[in-house]
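Just so you know, we're using this note's numbering here: the sequence shown kicks off at 3 and counts up by one. Even glycine gets a Cβ: it sits at the ideal position worked out from N, Cα and C. Reviewing the structure listed below.
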Amino acid sequence: MSTLATLIGFKESVHLKAYINSTRRPTARIVFGGTVIRKSRAPAVAQFSARGPSYSNPSILKPDVIAPGVNIIAAWPQNLGPTGLPEDSRRVNFTIMSGTSMACPHASGIAALIRSAHPKWSPAAIKSAVMTTAEVTDHSGKPIMDGDKPAGVFAIGAGHVNPERAIDPGLIYDIRPEEYVTHLCSLGYTKSEILTITHRNVSCREILQMNRGFNLNYPSISVTFKHGMRSKMIKRRVTNVGSPNSIYSLELMAPKEVKVKVKPRRLIFTDINQSLSYRVRFISRNRAGTAKMSFAQGQLTWVNSKNSLNKVKSPFSVTWK
């Protein structure tokens, strides 16, 4: 049995629920409004797309990126009808699907594409290339939308994937194996849990004493101010995978609630695979958030002075608790 249905937005649903509760016999009808031909803005964040922040690992900004995942043509098995219901006797080779299961193959395909072009790159380097080259604007050149408002970093992360640009990111944020161990220790993992993951016996007490103020070398930045904290220092390391002699200059978009200082403001590379570090100090202009928890966001970008196509973007979020 087929059922007629329609999809409405959140604001409309509030009005609809209010009407349903206002009368003993609510009525409704669905009227076909005709075919509307127009060019819709794309990409845009789907209503069902997962959002951040990550409460289990707040030091990492989530999501990383967004990828195509709505109305995707996908292969379909022959033992099921396109609805997946037992009574559906139809058999098709392809169907249209939406969800993470559709977005993930796009991201995986881009990772495979980068791997084929750069076979020696680590998974972290590949992820960095995907994230720092992602787009935050749609085809009209305006911000990607999340419903009726511009999408924030907790909706799109670094942005919408761009495979063509990801092949040549200019700079990458790579992560060394021992840095993952330090990160696990900073999250409070036990010795046995870390042994299960890394097959290494480690002393988190010693590791954390040697790496005070440690931050995982991630392409995005997440900062949390709590208990009256006013300042926080973040360190990042980038590796040149572009031209041997490259100069990158900083472009900074900072929220008014936070003062952001970056040193140095220029990165001068003289060789391929050369790594340089920079520090970012976040200074809160507020002693605490205006609510239980409040957010601000921004972006820092390293722009190649010789090749403006290489723009290495890192979104950041600031949270007050």
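Are the CB atoms of residue j and residue i within a distance shorter than 8 Å?
{"i": "Ile68", "j": "Ala131", "result": "no"}
{"i": "Phe156", "j": "Val225", "result": "no"}
{"i": "Lys308", "j": "Ile249", "result": "yes"}
{"i": "Phe216", "j": "Thr184", "result": "yes"}
{"i": "Pro257", "j": "Gln301", "result": "no"}
{"i": "Ile128", "j": "Thr139", "result": "no"}
{"i": "Ile98", "j": "Ile112", "result": "no"}
{"i": "Asp273", "j": "Pro246", "result": "yes"}
{"i": "Asp66", "j": "Met133", "result": "yes"}
{"i": "Ile116", "j": "Ala168", "result": "yes"}
{"i": "Ser233", "j": "Val305", "result": "no"}
{"i": "Val282", "j": "Val262", "result": "yes"}
{"i": "Gly190", "j": "Val314", "result": "no"}
Between the alpha carbons of residue i and residue j, how many angstroms are there, rounded?
{"i": "Phe50", "j": "Lys323", "result": "27 Å"}
{"i": "Gly143", "j": "Gln211", "result": "47 Å"}
{"i": "Val240", "j": "Gln276", "result": "8 Å"}
{"i": "Ser56", "j": "His108", "result": "23 Å"}
{"i": "Ala105", "j": "Val47", "result": "12 Å"}
{"i": "Thr321", "j": "Asn288", "result": "11 Å"}
{"i": "Gly161", "j": "Lys228", "result": "27 Å"}
{"i": "Lys265", "j": "Lys151", "result": "33 Å"}
{"i": "Arg238", "j": "Leu278", "result": "9 Å"}
{"i": "Met255", "j": "Thr303", "result": "8 Å"}
{"i": "Ile39", "j": "His141", "result": "17 Å"}
{"i": "Asp170", "j": "Asn312", "result": "8 Å"}
{"i": "Ser110", "j": "Asn164", "result": "13 Å"}
{"i": "Phe96", "j": "Gly86", "result": "13 Å"}
{"i": "Val72", "j": "Ser103", "result": "10 Å"}
{"i": "Tyr280", "j": "Ser24", "result": "59 Å"}
{"i": "Glu14", "j": "Ser296", "result": "26 Å"}
{"i": "Thr29", "j": "Thr37", "result": "25 Å"}
{"i": "Leu63", "j": "Ser91", "result": "45 Å"}
{"i": "Gly83", "j": "Tyr182", "result": "44 Å"}
{"i": "Ala77", "j": "Val94", "result": "9 Å"}
{"i": "Ser118", "j": "Asn81", "result": "35 Å"}
{"i": "Gly11", "j": "Glu137", "result": "25 Å"}
{"i": "Arg27", "j": "Ala52", "result": "36 Å"}
{"i": "Arg178", "j": "Ala20", "result": "55 Å"}
{"i": "Ser194", "j": "Pro125", "result": "25 Å"}
{"i": "Val16", "j": "Thr135", "result": "38 Å"}
{"i": "Arg214", "j": "Val260", "result": "23 Å"}
{"i": "Arg207", "j": "Tyr220", "result": "23 Å"}
{"i": "Lys41", "j": "Gly149", "result": "16 Å"}
{"i": "Pro88", "j": "Pro79", "result": "14 Å"}
{"i": "Ser310", "j": "His120", "result": "22 Å"}
{"i": "Asn59", "j": "Val33", "result": "47 Å"}
{"i": "Ala114", "j": "Arg202", "result": "29 Å"}
{"i": "Arg267", "j": "Glu253", "result": "9 Å"}
{"i": "Phe31", "j": "Arg43", "result": "What sits at residue 31 in the sequence shown is Arg, not Phe. Arg31 and Arg43: Cα-Cα distance of roughly 28 Å."}
Count the other CB atoms within 10 Å of the CB of residue i; is the residue buried (16 or more) or exposed (fewer)?
{"i": "Lys122", "result": "exposed"}
{"i": "Gly101", "result": "exposed"}
{"i": "Leu197", "result": "exposed"}
{"i": "Leu18", "result": "exposed"}
{"i": "Ser286", "result": "buried"}
{"i": "Gly230", "result": "exposed"}
{"i": "Thr8", "result": "exposed"}
{"i": "Gly324", "result": "Outside the shown range of the chain, which is 3 to 323, sits residue 324, and nothing can be said about it."}
{"i": "Gly154", "result": "buried"}
{"i": "Pro45", "result": "buried"}
{"i": "Ile236", "result": "buried"}
List the whole-angstrom C-beta distance separating residue i from residue j, where the pair is believed to meet the contact cut-off of C-beta under 8 Å.
{"i": "Arg319", "j": "Leu218", "result": "The question names Arg, yet the displayed sequence has Ser at residue 319. So it is not a contact: roughly 15 Å between Cβ atoms."}
{"i": "Ile209", "j": "Cys187", "result": "5 Å"}
### Task
Jot down the residue ranges of each uninterrupted beta strand (DSSP E) in the stretch 212-291, minimum 3 residues, whole runs only, in chain order.
223-227, 233-242, 248-255, 260-265, 268-271, 277-286
### Query
Mind pulling the alpha helix (DSSP H) runs of 4 or more residues that sit fully within the stretch 24-90?
none
### Length at least 3, wholly inside the stretch 112-183: the beta strand (DSSP E) runs in chain order
none
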